[in-house]
Amino acid sequence: MPIESGWATVGPFFHAVLPWKGGGEMAKPETKGERIRILGRVLDAEGKPINDAMIELWQANAAGKYDHPEDKQPGELDASFQGFGRVTADAEGYFKVETIKPGSVRGLGNTMQAPHIEISIFARGVLKRLVTRLYFAGDPANDSDPVLGLIDDVERRRTIMATPDATETGRWLFTVHLGGPQETVFFDV
0 MPIESGWATV GPFFHAVLPW KGGGEMAKPE TKGERIRILG RVLDAEGKPI NDAMIELWQA
60 NAAGKYDHPE DKQPGELDAS FQGFGRVTAD AEGYFKVETI KPGSVRGLGN TMQAPHIEIS
120 IFARGVLKRL VTRLYFAGDP ANDSDPVLGL IDDVERRRTI MATPDATETG RWLFTVHLGG
180 PQETVFFDV
């Protein structure tokens, strides 16, 4: 029997076909690149956890190449890495992902974009997926990233920066706020 989500503005939804067999384990042991872990959290406008959010992640491999037929940029594909993951938030709004740090990718006009992970959020009461990015705080490439440059307010840029966890090497912390004064920057795609 499918699991039914709670009633909200929209729904209920049945999770029968939503689980992704890979879950949050995006990288295999043989995947090339710097291994990282992301501990994320999804919160509502009041700072309360969203316990039924579904999070999709898509990223380039360590060489900056997407596993997608339309990616014409230089770089080798890594057969052990497809660059996609899907996870659900737990009762406290947390989600975990094991992956590799992506390489820089080319954007419009051949400009280089800083390493980042595309993130889509699906949650109760949200009619259309919310799209954001996770950048890595302190990465020098952030200073010249054309997408980050579109966000005039430096404080708003911080809403899409993962920060290194001081208690665990290789783990990055990232919080998505769906509203309120700390609302995450979302992109209209």
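For what it's worth, numbering that gives the first Met the number 0 labels the leading residue of the sequence shown as 0, then goes sequentially. Note that CB positions come from ideal geometry on N, CA and C, so glycine has one too.
For residue i, the three-state DSSP class (helix, strand or coil)
{"i": "Ala-161", "result": "strand"}
{"i": "Ala-61", "result": "coil"}
{"i": "Val-184", "result": "coil"}
{"i": "Leu-149", "result": "helix"}
{"i": "Pro-48", "result": "strand"}
{"i": "Leu-237", "result": "Lying before the first or after the last residue shown, residue 237 is absent from the chain, which here runs from 0 to 188."}
{"i": "Glu-3", "result": "Caution is warranted here: a pLDDT of 49 is assigned to Glu-3, below 50, making its placement in the model unreliable, and no coordinate value can be reported."}
Within 9 Å, strictly: CB atoms of residue i and residue j
{"i": "Ile-120", "j": "Ile-37", "result": "no"}
{"i": "Ile-116", "j": "Thr-87", "result": "no"}
{"i": "Val-104", "j": "Ala-59", "result": "yes"}
{"i": "Pro-145", "j": "Thr-183", "result": "no"}
{"i": "Ile-159", "j": "Arg-128", "result": "no"}
{"i": "Gly-84", "j": "Leu-56", "result": "yes"}
{"i": "Gly-46", "j": "His-176", "result": "yes"}
{"i": "Thr-162", "j": "Ala-136", "result": "yes"}
Residues that residue i bridges to, as DSSP identifies them
{"i": "Glu-55", "result": "Arg-85, Ser-119"}
{"i": "Met-25", "result": "Answer is none; Met-25 lacks a bridge partner."}
{"i": "Asp-95", "result": "According to the sequence as given, residue 95 is Lys; it is not Asp. Answer is Leu-38, bridged to Lys-95."}
{"i": "Leu-129", "result": "Ile-120"}
{"i": "Arg-156", "result": "Partner(s): none; Arg-156 has no beta bridge."}
{"i": "Gln-112", "result": "Val-104"}
Buried or exposed (CB count within 10 angstroms, at least 16 for buried), residue i
{"i": "Gln-72", "result": "exposed"}
{"i": "Glu-75", "result": "exposed"}
{"i": "Ala-7", "result": "Because the pLDDT of Ala-7 is 47, which lies under 50, any placement of that residue in the model is unreliable, and the question is left without a value."}
{"i": "Gly-39", "result": "buried"}
{"i": "Ala-165", "result": "exposed"}
{"i": "Ala-44", "result": "exposed"}
{"i": "Val-188", "result": "exposed"}
{"i": "Thr-30", "result": "buried"}
{"i": "Phe-186", "result": "exposed"}
Chain B within 9 Å of residue i, Cβ atoms only
{"i": "Val-153", "result": "Any reference to chain B falls outside this structure, which holds one protein chain only."}
Requested in this report: Examine the Cβ distances between the region 146–165 and the region 83–93 and report whether three or more of them are shorter than 8 Å.
Outcome: Between the region 146–165 and the region 83–93 there are fewer than three inter-stretch CB-CB distances shorter than 8 Å, so the stretches are not counted as touching.
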